[in-house]
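First the structure, in the form of structure tokens, and then the observations on it.
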Amino acid sequence: MSRNSRPHRLHNNRRWRRIARHQLKIEPLCRFCRDEGRVEPAVIVDHVVPHNGDITLFWTGELQSLCRDHHEGKKQRLERRGYDTSVGLDGWPIDPRHPANNPANKPVPMRRG
Ligand SMILES: [Zn+2]
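My numbering applies: residue 1409 is where the sequence shown begins, and numbers increase by one.
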């Protein structure tokens, strides 16, 4: 049995470990704690936008460093609601599953004339 016949495990390979190590180096503190004005070492590298197994998103998506508590909290909120409530720089929720990202709920631009 060759190595390649094993199922691809996203978080269990050298490439991810290298990316995660780099992320914790450039952002060693928990981002959510920092937003709350606290200093807490980050231990987990998290995808800002949940990748849900999407390979492209997994490798190219924006990352953030989190402490264990915040990572667990984020995961639990996500599982309870079914979507992430994090908002992007434009103030709009980043999770495509968020109800605000349902095209039917998007604000309709004012029409001229
Ligand atoms: Zn934290």
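Glycine included, C-beta positions come from ideal geometry on N, C-alpha and C. Note that the structure is a prediction, hence the values are computed from the model and not measured.
Under 7 Å, do residue i and residue j count as touching if we go by C-beta distance?
| i | j | result |
| --- | --- | --- |
| Val-1447 | Leu-1437 | yes |
| Leu-1474 | Ala-1450 | yes |
| Gly-1469 | His-1479 | no |
| Pro-1504 | Asn-1513 | no |
| Gln-1484 | Arg-1439 | no |
| Leu-1486 | Asp-1477 | no |
| Val-1457 | Ile-1502 | yes |
With DSSP as the reference, identify every bridge partner of residue i, one or two as the case may be.
| i | result |
| --- | --- |
| Pro-1501 | Val-1495 |
### Task
Could you pull out every unbroken alpha helix (DSSP H) segment of at least 4 residues lying fully inside the region 1419-1481, listed in chain order?
Fully enclosed alpha helix (DSSP H) runs of 4 or longer: 1422-1434, 1439-1443 and 1463-1468.
### Query
Quick one, what's near ligand 1 if you take every residue whose CB is closer than 6 Å to any heavy atom, in chain order?
Any residue whose Cβ sits closer than 6 Å to a heavy atom of ligand 1 makes the list: Cys-1438, Phe-1440, Cys-1441, Glu-1448, Leu-1474, Cys-1475, Asp-1477 and His-1478.
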